[in-house]
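**Student:** Every position in the sequence shown, counted from 1, becomes a number in our numbering once 44 is added.
Note that beta-carbon positions come from the ideal geometry of N, C-alpha and C, so glycine has one too.
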Amino acid sequence: NSSMWWEGGSVTKGLVGEARSGLLGASNARFVRWNPSPISVDMSAGPAFVKAHIPRSVAVVVNKTHISAKVRSVMRLAAKKYLMKAYVHWYQQQGLELADFEAAFEAAGDVVRSYDQVAKSRHRV
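Shown next as structure tokens:
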């Protein structure tokens with residue numbers, strides 16, 4: 045998943061669309077299947093950096109596959125707490141059921157597996 049933030053009066057939707065298409069079509073670009081829109085774009089018509097006299101700028105935020113290790117670590121900690129029923133009653137008071145926890149763990153596991161699959165495919169290239 046990537047995000048682009050464009051600033052500056054001379055930025056047009058066409059310019060941004062071209063850049064987005066270039067990223068999506070790059071031969072080394074691989075995105076996880078579960079994300080229908082892997083690149084989000086935001087635009088601002090205001091000047092980028094007034095004091096620096098820069099007419100436009102772009103910031104690109106990229107979500108790398110190595111995040112799966114961190115998500116896996118957070119999931120392990122959450123699973124330990126869940127198995128001990130730590131804080132579960134608070135969530136149940138708000139209407140969540142145990143099945144909601146199970147579904148959340150499964151969804152997070154799907155995310156990790158997707159990132160791992162992308163990482164493996166990169167090593168094969």
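Classify TYR159 as buried or exposed, calling it buried when 16 or more other Cβ atoms lie within 10 Å of its own Cβ.
**Tutor:** Classification for TYR159: buried.
**Student:** So, helix, strand or coil for HIS110, using DSSP?
**Tutor:** Coil.
**Student:** Rounded to whole angstroms, what is the Cα-Cα separation between GLN138 and PHE145?
**Tutor:** One C-alpha to the other measures close to 13 angstroms.
**Student:** Which residues mark the beginning and the end of the alpha helix (DSSP H) in which ARG64 is found?
**Tutor:** Per DSSP, ARG64 belongs to the alpha helix (DSSP H) from 57-69.
**Student:** Please say whether ALA123 and PHE149 have beta carbons closer to each other than 8 angstroms?
**Tutor:** In contact: PHE149 and ALA123 (Cβ atoms closer than 8 angstroms).
**Student:** Please return the same chain residues whose Cβ sits closer than 7 angstroms to the Cβ of LYS164, not counting the five positions on each side in sequence.
**Tutor:** Correct list: empty, nothing qualifies.
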